[in-house]
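A quick write-up on the structure given underneath.
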Amino acid sequence: MKDKASSLDFYAFLHANREALAGSFIKKVYQVSPDSFLFQLHSPVSSRLMLFIALRKGIFLKDVERPEEPTSLAMMLRKMLGDRKILEVQQVNFDRVMRFSLSGNGEVVFEMFREGNLIVVQDGRIEYALNPREWRNRKILRGEPYVPPSLSDPSAFGAQEISSMLASSSASLVQTVATRMNLGGEFAEELIHRIGADKSAPAAQSLGLSESILRGFRDLLDEASRGRAYLYSGEGILSPVLLSHLGREPDRVYEDLNLAYSEFLDTTSVADEESPLRRRIESQRRSIEEFRKREEEFRRLGSVAMSHLKDLDAIIRHLREGDLVEAGQCRAVSLDKASRTAVVSCEGMEFSVDIRKSAGENASALFGQAKEMKQKAEGAAKALEETLRLEEASRKRENRPRRQQKYWFEAYRWFFTSEGFLVVAGRDARSNEKLVKKHMTDRDLYVHADLYGAPSTLIKVEGDKQPGEATIREACAFAVSFSRAWPAGVSSGSAYWVYPQQVSKTPESGEYVATGSWIVRGKRNYLFDLPLDLDIGMYSYRGEELVMAFPHREKWEGKRVRIVPGDVRRKEVVARVSEFLGVDRDEVERVLPPGSSRILSMEGAAKESEEPAL
1 MKDKASSLDF YAFLHANREA LAGSFIKKVY QVSPDSFLFQ LHSPVSSRLM LFIALRKGIF
61 LKDVERPEEP TSLAMMLRKM LGDRKILEVQ QVNFDRVMRF SLSGNGEVVF EMFREGNLIV
121 VQDGRIEYAL NPREWRNRKI LRGEPYVPPS LSDPSAFGAQ EISSMLASSS ASLVQTVATR
181 MNLGGEFAEE LIHRIGADKS APAAQSLGLS ESILRGFRDL LDEASRGRAY LYSGEGILSP
241 VLLSHLGREP DRVYEDLNLA YSEFLDTTSV ADEESPLRRR IESQRRSIEE FRKREEEFRR
301 LGSVAMSHLK DLDAIIRHLR EGDLVEAGQC RAVSLDKASR TAVVSCEGME FSVDIRKSAG
361 ENASALFGQA KEMKQKAEGA AKALEETLRL EEASRKRENR PRRQQKYWFE AYRWFFTSEG
421 FLVVAGRDAR SNEKLVKKHM TDRDLYVHAD LYGAPSTLIK VEGDKQPGEA TIREACAFAV
481 SFSRAWPAGV SSGSAYWVYP QQVSKTPESG EYVATGSWIV RGKRNYLFDL PLDLDIGMYS
541 YRGEELVMAF PHREKWEGKR VRIVPGDVRR KEVVARVSEF LGVDRDEVER VLPPGSSRIL
601 SMEGAAKESE EPAL
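Residue numbers for the sequence shown follow full-length UniProt numbering, beginning at 1 and rising by one.
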């Protein structure tokens, strides 16, 4: 990915996130800009997921700033898609097209090339399209069956299809691979480099490379499915595969594809979002000006007509006979017998009249047209207000300083205990799996809430110091707080801890262990009556201030906000905490438990609040 995602980027995204997305429910839709949307998803396994779709850039698991008020389009999409279950996610024909199959025989399709498109399909026919279009062999129009832009799938090619592709091309080898196999220039260059071929050779003269191209293509697909990403800062490229044709090592290797894309988006310009907004604003302003100008013109013509009703009636009577005459300050200019309309001039101002109607009726029609122009101007003004809100939100996103994640534990849920131990928990099934496989050592302790679907949690133990009772209790309370117990509104729960040697992925005969789940054998050390009671404050780590959510403790230096399960909307809690701590809302959003909450107190300011703030 450079300026926008390629088909291989979409392939990598899908392999990394298909399991987390399938089975999720669409809860909310936000319109972030005219061509970008944020889908809030909920899953029994992954809790909350934020799916960001920028139609000109790509698809990402990332939370972004949302407008304070949803747009009318966002409200319509919520009505059409709300509470639909995502049954399956597909990349259509290895193209920049993602299809989400929904419950109720529905689909939402994202076409992310050129200006992009969001298409809602019901029972196989288009119910809504963001950008309606019509071509000779394809229509993106309401009521039409949805047909994808490409009907061939390069990922299903064999050597014979590749040979035919080369033989029918008049372009170079690299151009043919880039366009016919949907790889784009960068990855086509990489494939040709890996097989040691001449990229400028005519494709039609390279039929002997069909098998090599096929193997190279499949190698790229296999590598892209591993969930890694490679950053080449100088070239401004983030890639799901190593780019050996660049002749150097990547500047950074990410083990988490989603984290890589999130950081990459934060550091790239959002000018491509600003530009269409600015164009839309200018267009809407021109429309308003034109509507108001025409309103004034029709109103003036109506007044002139009303001032000369007697003369106009005389002219209309003659026009019905086919005669062009003058009367007073008015005269007939022309007559269209077929449409029974004429152009009349009064006081030097020309306007159209219907000769089947009286002068008074024609004057009223002119005032009616003035009223219609006024209504259009008012409608355009409301649309302009909405676009200006989007532009302001986009400007805030661009100007707000964003702290980049730099520590490995920030990809997970985490906190440091009162005894100084790092506790890390998974965010979803995939990160649960990765946390235990990659980061659990024989010295750590494994913690889990006594609830299905709760996050795997680790107490990281380094050096000779062992975690005490306070650390274990805090870690167990943390595991309960970030489980389904919080959105359920309960006040306390239970959890247990075990040693790493008791945690296994090997099932007994007949058992199945899903991604993110683990089998615990032997004695479980339970803790009961663990309160769901969290503080959010700033933690100093290696000279940096990090936003941290942690089980409530009596002693704390600096500002903190105390929260418990409640009925206050997440957005309101995020706004209050963000303002109080003086940090970006995204940072607060990332550390909050799932669901709504209630603020008990806000401490550490000039004046402490002992009463519930929300």
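Just so it is clear, CB atoms sit at the ideal spot from N, CA and C, and this is done for glycine as well. Since the model is a prediction, treat every value here as computed from it, not as a measurement.
Three or more Cβ pairs drawn from the region 469-481 and the region 447-455 lie within less than 8 Å of each other, which places the two stretches in contact. Taking a contact as a CB-CB distance under 8 Å, the pair Val503 and Val520 counts as one, their CB atoms being some 6 Å apart.
Two segments are said to touch when three or more pairs of C-beta atoms, one from each, lie closer than 8 Å; by this definition the region 275-286 does not touch the region 333-346. Under the three-state reduction of DSSP output, Pro565 falls in the strand class. Leu309 is bridged by DSSP to nothing; it lacks a bridge partner. Between the alpha carbons of Lys376 and Asn432 lies a gap of roughly 54 Å. Lys28 carries a strand assignment under DSSP once its states are collapsed to helix, strand and coil. In this structure, the CA atom of Met349 is about 7 Å from the CA atom of Leu301. In the three-state DSSP reduction, Glu326 falls in the strand class (E or B). According to the DSSP assignment, Thr341 belongs to the beta strand (DSSP E) that extends over Thr341 to Cys346. Per DSSP, Thr176 is not a residue of any beta strand (DSSP E); the alpha helix (DSSP H) it occupies stretches across Leu173 to Arg180. Around the beta carbon of Gln31, 16 or more other beta carbons lie within 10 angstroms, which makes this residue buried. DSSP places His552 outside both helix and strand once states are collapsed to three, so it counts as coil. Contact annotation: Asn258 and Leu61 have beta-carbon atoms nearer than 7 Å. Excluding five sequence positions before and after Leu277, the CB atoms of its chain that fall closer than 8 Å to its own CB belong to Ser33, Pro34, Thr387, Leu390, Glu391 and Ser394, given in chain order. Here Leu221 carries a helix assignment [DSSP, helix/strand/coil]. In this structure Thr506 is exposed. Its beta-carbon is surrounded by fewer than 16 other beta-carbon atoms within 10 angstroms.
Assignment of beta-bridge partners to Val423 by DSSP yields Phe415 and Ile459. Separation of the CB atoms of Leu530 and Ala488 is rounded to 14 Å, and the pair is thereby denied contact status at 8 Å. Judged by DSSP in its simplified three-state form, Phe187 adopts helix. Ala260 sits in a helix when the DSSP states are folded into three classes. Scanning Asp450, Tyr539 and Thr179 for the CA closest to the CA of Arg524 turns up Asp450.
Put simply, the backbone Cα of Gly426 is about 33 Å away from that of Thr71. When the Cα atoms are used, Leu173 and Ser210 turn out to be separated by approximately 11 Å. For Asp219 and Gly106, the gap between their C-alpha atoms comes out near 34 Å. Where Val577 is concerned, the enclosing alpha helix (DSSP H) starts and stops at Arg570 to Leu581. Within the region 101-155, not a single complete alpha helix (DSSP H) segment reaches 4 residues in length. Shown here for Gly143: same chain residues with a beta carbon closer than 7 Å to its own, the five before and five after excluded, namely Arg125 and Ile126 in chain order.
Around the C-beta of Gly420, fewer than 16 other C-beta atoms lie within 10 Å, and the residue is accordingly described as exposed. Annotated as distal: Pro594 and Glu474, with beta-carbon spacing of 7 Å or more. Annotation: Phe217 to Leu191 spans about 7 Å, alpha carbon to alpha carbon. In the structure shown, Gln466 adopts coil according to DSSP, grouped into three states. Measuring C-alpha to C-alpha distances from Leu527 to each of Gly493, Asp251 and Val147 identifies Gly493 as the nearest. Pairing Leu246 with Glu579, the inter-Cα distance amounts to about 45 Å. The region 200-210 makes contact with the region 154-173: 3 or more CB pairs, one atom from each, lie closer than 8 Å.
Pairwise C-beta distances place the region 9-24 out of contact with the region 63-80, as fewer than three of them are shorter than 8 Å.
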